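Residue numbers (the UniProt record's numbering): 1 to 828. Even for Gly, the Cβ is constructed at its ideal location relative to N, Cα and C. Owing to the predicted nature of the structure, the values given are computational and were not obtained by experimental measurement.
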């Protein structure tokens, strides 16, 4: 703006200077009064400068209005440069994004135990090739793979430098062509266009990444490829259809129907020339259909990559569809709380078909393949049970003495003969005949996609799938994360220690000695059952406690979906379980559990199950009532053996006629001690011995823990500040006799309530005080800021106005001074 105004001003001054010379020459020849000439000149200059000032102000206002209304008009002046640079930047950014992300995936493939070789680097099979030659070519392929990763890293750095350099060049161009205000606006418009192209590039890369994931799932375990992979490998086929060709009327290979009874259609005569690729199409001319190519051409990669994308059905989905956030007919604003069914804590991105499969739960049973041999064996076993029930069923069951019946026994292999009951035998025969007939109407309960998903999940050794401890959810974890978490639990030296697997044999010998010592107390069937000569090793595993993880709870609240994604939370705990239905102590544990269960019913506060708990609740509950629960942290692993055995001994001594008289207290306690002290299991190839607590997988664990907790099933009257625990009257004399800090529990509770209420009131007062102080400070800051801004703006405006006036006044003074000097020279 200033440059234009000064150009006009200088042109005016040049004209005036020429007129002044002419006037001076005329005055010398005609002797005209010089004072009149000077006055006339001043008057003309004043008029001229007023015109320049007004024109300068009008031009400035028009330019500001145009730049604020539509900056796109400015871009049109450089539209050719704009498009060319934007396209070059798009290409460089895409190449940078593709190279950088490909490096990440390739490094992951290379770091696997069995490296995944990219398709272009994977060697082809050679019939009859020796194994040593194959290994050499494999090593060479891996070396080429490493070189490819280095090249991609170099390309990523180069392309990143290129597109950033283009941003700097465009900004320099804007600065050179426009003023500061327009430069800022046009640069923002440039950044906006660049961001749009970057978003499109990211979306295209996501589809390409799905292709790479599918390649890893299907062909990652293959080292070599066949010669005809271009035909057999679906991932290498171009899935885009060709563009339909319209039939030309004057084309030599076409003719038109002349029969009035036929529709006006072009009939194509296909010549036998080998290069002819025209297919007959009998479509009415009046029915204009959009070529299918146009619906798919937007799926191509916009010139960034010549290779088409492989898209499997249901493999490209949005994030909300993947999670299942949006039920059919619902919108994103649905705030209803959704119970999570799948929690993915691994690095693996699940596909939609895998999510649908896991939603069925881990107890879902796919339709098995037909196995007539196994089916016949199952029907025979069912018929055997029916015959045994018929033979041993007595009309008068009251005569049977319960005390003479063994508590446990091994399953009998005896096969009875056919009975005399015709109806029973006819039923068994009909069942066997009809069941063995093939039923072709049976439908599979899994789709083809779900079967593929099942195979993919089974073959993926990088993840492990477990059922949540509570919540009926399926949890997917990285195998390394799960292994490290369990090993961290087993490093507790107070509870576990590494041992030798040969202890199982020693434990079996100890059980047999114990049975022999108390053989007079047991039935022969019970001894045979407890001996358990066919045992297997116990194994350790953990169930994730998702309900106690704060990170998982926050993710569930934020995502509110049946499918939750969260990467390896740090606060996830596991419930330790020692599994082993055929372990060396499992049968003895089963027998002791049957013995201890009647003792649990003697505990006044014992509740058998959920239904019994509901029966204890009153019929009407106050709406303001609160349900208070207590939880014992890691109960099973925190019970010392001595304390647990003492608790069971207490209940055996203080109850009468609950357990059978033939079983002595010594046998029960000795069996219990053997089960607790000989808890051996393995995990990750290492054998461990549990020194404290009981295994959660053993059958007697619930009864044992219940009896241990109920030892203190008495009124708690005191609180010990030294041990930081409540205690009963009997515990005062047994455990707290030396403690001096014993206070009545009621007084302690009231003191805690008072202190808690006072603390809440104090915190509330502090918060209100801080809030008021912040409000006052904000008001003062706003006033000071406004006042400071007001003065600053006013001073800036004054400076600009002063500068403009000085410039406008300075130039005429200099001009008049020079003209006066020249006039004096002429007068001399």
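With 16 or more neighbouring CB atoms inside 10 Å of its own CB, residue 678 falls in the buried class. In the DSSP assignment, residue 434 falls outside any beta strand (DSSP E) and lies within the alpha helix (DSSP H) extending over 422-435. Nearest C-alpha to residue 382 among 353, 432, 344 and 86: 432.
Per the coordinates, the alpha-carbon of residue 654 lies some 42 Å from the alpha-carbon of residue 385.
Using a 10 angstroms sphere on the CB of residue 117, the tally of other CB atoms reaches 16 or more, which defines it as buried. If you draw a straight line from the Cα of residue 549 to the Cα of residue 555, it is about 10 Å long. For secondary structure counted as the beta strand (DSSP E) over 3 or more consecutive residues, the region 79-132 holds no complete run. Within the same chain, Cβ atoms closer than 8 Å to the Cβ of residue 664 are found at 518 and 521, the five residues on either side in sequence being excluded. Under the criterion of beta carbons closer than 8 Å, residue 416 and residue 388 qualify as touching, at roughly 6 Å. Looking from the CA of residue 99, the closest CA among 615, 201, 496 and 635 belongs to 201.
Secondary structure at residue 610: helix, using DSSP grouped into helix, strand and coil. Per the coordinates, the alpha-carbon of residue 580 lies some 10 Å from the alpha-carbon of residue 682.
Nearest C-alpha to residue 170 among 187, 159, 161 and 156: 187.
Nearest neighbour of residue 668 by Cα position, chosen from 165, 412 and 645, turns out to be 645. At the C-beta level, residue 696 and residue 576 come within 8 Å of one another. When beta bridges are read from the DSSP output, residue 576 appears opposite 542. The beta carbon of residue 428 lies closer than 6 Å to those of 383 in the same chain, with the five residues before and after it left out. In this structure, the straight-line span from the alpha carbon of residue 567 to that of residue 462 is close to 14 Å. In the three-state DSSP reduction, residue 742 falls in the strand class (E or B). If the five residues before and after residue 693 are omitted, its C-beta is found closer than 7 Å to the C-beta atoms of 495, 636, 637, 638 and 639, all from its own chain and listed in chain order.
Contact check for residue 360 against residue 473 fails: the beta carbons are separated by 8 Å or more. According to DSSP, residue 477 shares a beta bridge with 464. By a beta-carbon distance limit of 8 Å, residue 159 contacts residue 96. Their separation comes to about 4 Å.
If you check the CB distance, residue 722 and residue 709 do not come in under 8 Å. DSSP places residue 491 in no alpha helix (DSSP H); its state is neither H nor E. When DSSP states are grouped into helix, strand and coil, residue 689 belongs to the strand group. Counting only the Cα atoms, residue 458 lies some 15 Å from residue 356.
Counting only the Cα atoms, residue 139 lies some 59 Å from residue 593. Three or more beta-carbon pairs drawn from the region 102-110 and the region 143-162 are found closer than 8 Å, and the two stretches are therefore classed as touching.
In the three-state reduction of the DSSP assignment, residue 486 falls in the helix class, which pools H, G and I.
C-alpha of residue 631 to C-alpha of residue 343: approximately 25 Å in a straight line.
The beta carbon of residue 651 sits closer than 6 Å to those of 599 and 707, all from its chain and outside the five residues before and after it, given in chain order. When the five nearest sequence neighbours on each side are left out, no beta carbon in the same chain lies closer than 8 Å to the beta carbon of residue 76. Per DSSP, residue 702 is one residue of the alpha helix (DSSP H) stretching across 701-709. With three or more CB-CB distances shorter than 8 Å, the region 358-377 counts as touching the region 438-456.
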